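Here the protein sequences line up with chains A and B, keeping their order.
Note that numbering that gives the first Met the number 0 gives residue 34 to position 35 of the first sequence, counting from 1, and the numbers run on in steps of one.
Note that numbering that gives the first Met the number 0 gives residue 307 to position 308 of the second sequence, counting from 1, and the numbers run on in steps of one.
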Amino acid sequence: MDRPIRVLVAKPGLDGHDRGAKVIARALRDAGMEVIYTGLRQTPEQIVNATIQEDVDVVAMSILSGAHNTLLPKVVELLKAEKADDVLVIGGGVIPDDDIPFLKEKGIAEIFTPGTPTSVTIDFIRANIKRK
Amino acid sequence: MALAERLLQGDKRAAARLISMAENHDPEAVEILKSLYQRTGRAHVIGITGPPGAGKSTLTDKLAKAIRARGKTVGIIAVDPTSPFTGGSILGDRVRMNDLSTDPGVFIRSMGTRGHLGGLSKATQAAVKVLDIYGADYIFIETVGVGQSEVDIAKNADTTLMVMVPGLGDDIQAIKAGIMEIGDVFAVNKADRDGAKRTATEIEMMLDFNKTDWRPPVQMVIAVDNKGVEELLGHIMDHMTHMKETGKLEKKRVLNSKLEIIDLIQENLMRMILDKSSKEDLINNLATEVAARKADPYTAAEMVLKEIK
């Protein structure tokens with residue numbers, strides 16, 4: 000592939016902790032990806048609109064508020080409604096192990112919890128993007 | 000349905016995909032733009048430029064909202080730098096435009112410069128065309144934070160807005176050649192800070208020497224508080240009216256078209272040279288010799304050109 004992978008990094012929900020999102024954004028940048036950073040307190044609708052306008056390969060969401068079971072599946076749902084389900088959706092943040100199977104069932108491809116080396120996320124994205 | 004048709008019907012995914020294709024040098028994008036070129040030229044294209052942190056994104060957000068309040072649609076192309084080392088980038092202009100992202104009358108696209116100098120990316124012009132066809136009445140192009148000589152924006156916009164802030168240097172900066180010459184309208188943002196008036200005066204003094212019949216207005220604004228934004232938009236509209244009434248718009252578009260053709264010739268020539276020769280190896284070998292002072296760069300360039308003929 001001779002084009003950069005485009006990734007939307009977003010913070011859904013109401014927590015104000017964006018350190019993790021910024022670390023990921025920087026790591027993806029250094030891995031040669033184009034990162035569209037959208038900042039704090041995004042609604043699922045905002046995330047999905049940005050995903051479409053930016054034509055990204057990946058939506059990476061960081062969430063520490065505890066609302067992941069509501070907000071992350073909502074993004075997947077809205078993407079489907081817009082026929083944009085060729086986008087890889089991943090999540091990260093403070094998410095209990097017990098919730099991960101539910102999120103995967105809802106279409107979030109992978110969840111990266113605290114302590115995950117950024118290289119794991121980068122490799123996962125490279126291996127799993129759906130568009131050539 | 001074909002991408003071209005979907006774009007004509009205002010399909011935002013089609014617009015988004017076509018911009019990506021243009022960015023990735025997909026020949027199909029060029030074919031589509033050829034077939035739809037006559038549909039372009041309708042939008043008022045506004046370039047927004049200025050140093051990093053001047054408030055270009057925030058001001059774009061506020062201007063876009065003011066235009067939306069007048070019932071018109073807006074396209075925004077926001078350019079940020081690409082790393083020369085990894086090819087990666089962080090495109091962060093949307094952070095200031097979050098309220099706009101669910102407005103169906105606004106389309107925002109972030110672009111990395113991908114190695115292009117001059118403040119824009121190579122595909123910016125294609126993206127402007129796509130948004131014009133898509134139906135945006137006004138298109139903002141926000142450049143990367145610029146220094147002194149990134150003037151490409153003036154070749155792409157009908158109106159260039161130069162965003163300045165207080166405290167960046169003395170009046171000698173204002174009379175240097177380069178970006179200070181391309182502003183059709185000036186904004187002094189963060190006007191509540193010390194030195195804002197002085198900055199505005201210095202710009203005015205520089206403009207006193209202009210000999211054209213359009214005197215660029217200098218507007219004090221505080222973008223975060225939405226102060227001075229209506230007035231600024233008024234100046235931008237006035238500039239367009241002036242351009243139309245004096246016939247300058249036509250002239251400027253002829254000149255810009257000429258520059259675009261020349262750019263495309265250069266681009267195609269470079270691609271031809273590098274493809275046809277697949278001279279990558281030859282150039283790499285020559286580079287080694289030139290660095291070791293076994294050859295000189297002038298002869299090396301001549302050798303590559305000779306290979307192609």
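Virtual Cβ for every residue (Gly too), placed ideally from N, Cα, C.
This structure is a prediction, so every number in the text was calculated from the model and none was measured.
Looking only at A:87, A:65 and A:91, the smallest Cα-Cα distance to residue 75 of chain A is reached by A:87. The Cβ-Cβ distance between residue 55 of chain B and residue 49 of chain B falls below 8 Å. The alpha carbon of residue 29 of chain A has as its nearest neighbour, out of A:4, A:97 and A:10, the alpha carbon of A:4. In this structure, residue 15 of chain A keeps its C-beta atom at 8 Å or more from the C-beta atom of residue 61 of chain A. According to DSSP, residue pairing for residue 79 of chain B in a beta bridge involves B:111.
By alpha-carbon distance to residue 206 of chain B, the top candidate from B:254, B:184 and B:7 is B:184. Along the stretch 91 to 104 of chain B, the positions whose C-beta sits under 8 Å from a C-beta of chain A are 91, 93, 94, 97, 100 and 101, read in chain order.
Taken through DSSP and simplified to helix, strand or coil, residue 190 of chain B comes out as coil. Contact between the stretch 77 to 90 of chain B and the stretch 179 to 198 of chain B is not established, with fewer than three Cβ pairs separated by less than 8 Å.
Excluding residues up to 5 positions away in sequence, 285 and 288 lie with their Cβ nearer than 8 Å to the Cβ of residue 294 of chain B in the same chain.
Residue contact check for residue 51 of chain A against chain B: a CB pair falls below 8 Å.
A Cβ of chain A is located within less than 8 Å of the beta carbon of residue 11 of chain B. Between the C-alpha atoms of residue 21 of chain B and residue 62 of chain B there is a straight-line separation of about 27 Å.
Taking the Cβ atoms as the reference, residue 50 of chain A lies roughly 5 Å from residue 7 of chain A, within the contact range of under 8 Å. Closer than 8 Å to the CB of residue 30 of chain A there is at least one CB belonging to chain B. From the beta-carbon of residue 267 of chain B, no residue of chain A is found nearer than 7 Å; the closest lies around 18 Å away. A residue is called buried when at least 16 other Cβ atoms come within 10 angstroms of its Cβ; residue 266 of chain B does not meet this threshold and is exposed. The C-beta distance from residue 149 of chain B to residue 111 of chain B rounds to 15 Å, too long to fall under 8 Å, and the pair is not in contact. Closer than 8 Å to the CB of residue 48 of chain A there is at least one CB belonging to chain B. In terms of Cα proximity to residue 38 of chain A, the closest of B:29, B:51 and B:91 is B:91. Scanning A:9, A:47, A:83 and A:21 for the CA closest to the CA of residue 130 of chain A turns up A:83.
Burial check for residue 216 of chain B: the Cβ neighbour count within 10 Å reaches 16 or more, so the residue is buried. Distance from the Cα of residue 46 of chain A is smallest, within the candidate group A:113, A:69 and A:77, for A:77. In the three-state scheme derived from DSSP, where H, G and I count as helix and E and B as strand, residue 211 of chain B is classed as coil.
Under the Cβ distance rule, residue 2 of chain A counts among the residues neighbouring chain B, one pair being separated by less than 8 Å.
No residue range can be given for residue 223 of chain B, since it is assigned to no alpha helix (DSSP H) and is classified by DSSP as neither H nor E. In the assembly as shown, residue 196 of chain B is an exposed residue. Its beta-carbon has fewer than 16 other beta-carbons within 10 Å. The Cβ atoms of residue 77 of chain B and residue 109 of chain B lie closer than 8 Å to each other. Taking 3 residues as the shortest admissible run, the stretch 44 to 129 of chain A contains the following complete beta strand (DSSP E) segments, listed from N- to C-terminal end: 57 to 62, 87 to 92 and 109 to 111.
In chain order, 100 and 101 make up the part of chain B whose C-beta sits under 9 Å from the C-beta of residue 44 of chain A.
In the structure shown, residue 42 of chain A falls within a coil segment according to DSSP collapsed to helix, strand and coil.
Minimum Cα-Cα distance from residue 9 of chain B among the listed residues B:114, B:233, B:74 and B:188 corresponds to B:74. Closer than 8 Å at the C-beta level to chain B, one finds these residues of the stretch 47 to 81 of chain A: 48, 49, 51, 52, 53, 54 and 81.
By the C-beta density criterion, residue 269 of chain B is exposed, having fewer than 16 other C-beta atoms within 10 angstroms. Nearest CB-CB separation between residue 23 of chain B and chain A: below the 8 Å threshold. Using a Cβ-Cβ cut-off of 8 Å, residue 261 of chain B is close to nothing in chain A; its nearest Cβ partner there is about 26 Å away.
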